[in-house]
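What follows is a set of notes on a single structure, which appears directly below.
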Amino acid sequence: MNNHLTLNELEVFLQIAETRSFRQAAERMHVSQPALSRTLQSAEWKLSARLFDRNTRRVELSSAGQELLPIATRVLSEFRGSLSDLSEFIAGRRGRVAVASLPSAAAALLPSAIALFGKTHPQVMIDLQPFPAEKVQDLVRDGHVDLALSIRPADERELSYEPLIRDEFVLICPADHALAASRSAGWAEFARHPYITSGTVTSVRHIADRVLKDSGMAITPRYESSNLAVLGAMVTAGLGISAIPRLALRLIDSTHLAVVPLRKPAVHRELGLLSRRSRSLPAAATRFMDVLRAQAKTLPGTRRQ
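Note that the sequence shown ends on residue 410 in the numbering used here; no numbers are left out.
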């Protein structure tokens with residue numbers, strides 16, 4: 106037999122204790138007075154104690170009722186507070202949103218988006234995790250993050266992808282390089298000058314390799330770095346030239362670099378929002394995605410999908 110008091114029984118007890126009237130308590134709870142009395146009797150039966158001393162004119166707390174009053178007040182207060190927190194979570198005003206992203210997009214787009222989102226959702230914590238594309242997709246697929254900003258996945262059966270921006274590739278070279286004053290450059294320049302490429306695990310490398318192969322150019326890189334900041338430093342030191350997406354400029358010190366748009370062909374890296382098809386996103390995550398869509402329109406040198 107269950108002798109635990111229900112929340113309804115505690116509420117009835119509190120309403121009678123506050124009003125000292127069965128009639129007023131029943132009116133507050135929008136129930137009949139006999140129904141209120143039966144609920145109180147059920148509570149007293151479970152406790153094997155009277156909670157009120159009552160006669161035709163007065164209702165007073167018994168000694169057992171006086172002991173129960175602070176307990177019932179605390180339990181109901183905590184329950185209501187928890188329900189309030191749940192309501193805030195459901196409405197998207199409270200909680201945690203885990204976001205994975207390519208490092209370049211994490212630096213170029215997400216900080217401003219998080220700042221803007223925080224103005225209207227101060228109780229939502231954003232957990233930002235920058236990783237290469239393959240790792241980003243694994244985090245979404247395994248449910249470790251709610252959403253991600255990355256390239257289109259090869260397999261979209263488990264992952265939903267929404268194109269967001271097109272990030273153009275540019276050539277970077279030292280500021281005193283022969284190409285520095287060019288209005289644009291072709292990919293053939295990487296066959297004429299020492300070529301520094303990004304690491305094989307990066308989406309940048311995969312795209313650049315495909316463009317060079319499709320253009321019929323078999324180019325062996327002189328140097329390689331998986332870290333874009335280091336790659337930028339190598340270019341600055343005069344070790345060669347490189348091709349990177351414009352957003353990746355946020356990750357390097359371009360003080361002594363020249364940035365030249367790449368043409369013949371013009372190449373863009375498409376970035377979009379990733380989420381898992383079988384997972385319902387919390388409201389805060391969908392609100393944050395709306396902010397990301399708006400912020401993507403403000404990025405210079407990119408085109409909105």
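For glycine and all other residues, C-beta sits at the position ideal for the given N, C-alpha and C.
Legend entry - Own chain residues within Cβ distance below 6 Å of R213, not counting five before or after: Residue mapping note: residue 213 aligns to position 108 of the sequence shown, counting from 1. Looking at the sequence shown, residue 213 is not Arg but Ala. Excluding sequence neighbours, A213 sits near L352 and R355.
Legend entry - Close beta carbons around A290, own chain, < 8 Å, minus the five adjacent residues each side: The residue you call residue 290 lines up with position 185 of the sequence shown. Exclusion of the five residues before and after A290 leaves L276, L284, V365, P366, L367 and R368 as the residues of its chain whose Cβ lies within less than 8 Å of its Cβ.
Inset, instruction - Let me know if R315 comes out buried or exposed under the rule of 16 or more other beta-carbons within 10 Å of its beta-carbon. - result: Against the sequence shown, residue 315 aligns to sequence position 210. Answer is exposed; the Cβ neighbour count stays below 16.
Inset, instruction - Report yes if the C-beta distance between A338 and I357 is below 9 Å; otherwise report no. - result: Along the sequence shown, one-based indexing puts residue 338 at 233. Along the sequence shown, one-based indexing puts residue 357 at 252. Yes; because the gap between Cβ atoms is below 9 Å, this pair is in contact.
Legend entry - Residue environment, P175, which counts as buried when at least 16 other CB atoms sit within 10 Å: Residue numbering aside, residue 175 sits at position 70 when the sequence shown is read from its first letter. Classification for P175: exposed.
Legend entry - Neighbour-count burial assignment, V202, 16 or more Cβ in a 10 Å radius: Counted from its first residue, the sequence shown places residue 202 at position 97. With 16 or more other Cβ atoms within 10 Å, it is buried.
Inset, instruction - Tell me whether E263 sits in a helix, a strand or coil according to DSSP, three-state version. - result: Against the sequence shown, residue 263 aligns to sequence position 158. Coil at E263, not helix or strand.
Legend entry - H109 - DSSP class collapsed to helix/strand/coil: Locating residue 109 in the sequence shown gives position 4, where the first residue counts as 1. Residue state for H109 is assigned as coil, using DSSP reduced to three classes.
Legend entry - Test item: CB-CB of P205 and V245 under 9 Å: The residue given as residue 205 occupies position 100 in the sequence shown. The residue given as residue 245 occupies position 140 in the sequence shown. According to the sequence provided, residue 205 is Ala. The question's Pro does not apply to it. Yes, Cβ-Cβ distance for A205 and V245 is below 9 Å.
Inset, instruction - With DSSP as the reference, label M322 as helix, strand or coil. - result: To locate residue 322, count along the sequence shown from 1; it is residue 217. Taken through DSSP and simplified to helix, strand or coil, M322 comes out as coil.
Inset, instruction - Whole angstroms is fine: what's the gap from T111's alpha carbon to R163's? - result: By one-based count along the sequence shown, residue 111 stands at place 6. By one-based count along the sequence shown, residue 163 stands at place 58. Each residue's alpha carbon lies about 26 Å from the other.
Legend entry - Rounded C-alpha distance that separates L173 from M394: Here residue 173 is taken as the residue at index 68 of the sequence shown, counted from 1. Here residue 394 is taken as the residue at index 289 of the sequence shown, counted from 1. Whole-angstrom Cα-Cα distance: 47 Å.
Legend entry - Nearest neighbour of F118, chosen from L156, K224 and N108 [CA to CA]: The sequence position of residue 118 within the sequence shown is 13, counting from 1. Here the closest residue by C-alpha is L156.
Legend entry - the segment 382-392 touching the segment 301-308, judged by at least three CB pairs closer than 8 Å: Too few Cβ pairs lie closer than 8 Å, so no.
Inset, instruction - Taking only the alpha-carbon atoms, compute the straight-line gap between L115 and T391 and give it to the nearest angstrom. - result: Indexing the sequence shown from 1 puts residue 115 at position 10. Indexing the sequence shown from 1 puts residue 391 at position 286. Between L115 and T391, the alpha-carbon positions lie close to 38 Å from each other.
Inset, instruction - Entirely within the segment 290-375 and at least 3 residues each: give me those beta strand (DSSP E) ranges in chain order. - result: 301-303, 328-330, 347-350 and 362-368
Legend entry - Own chain residues within Cβ distance below 6 Å of N108, not counting five before or after: Residue numbering aside, residue 108 sits at position 3 when the sequence shown is read from its first letter. Only K151 meet the Cβ criterion.
Legend entry - Spatially closest choice to F295 from L141, V250, G345 and R288, by CA coordinates: Taking the sequence shown and counting its residues from 1, the one referred to as residue 295 is at position 190. The shortest C-alpha separation from F295 is found at G345.
Inset, instruction - Compute every distance between the C-beta of P370 and the non-hydrogen atoms of the ligand ATP, then say whether any falls below 8 Å. - result: Annotation note on the ligand ATP: not contained in the displayed structure, which lists no ligands.
Inset, instruction - From the DSSP output, in three-state form, read off I277 for me. - result: As a first step, residue 277 is located in the sequence shown; it is residue number 172 there, counting from the start. In the structure shown, I277 sits in a strand (DSSP, three-state: E or B).
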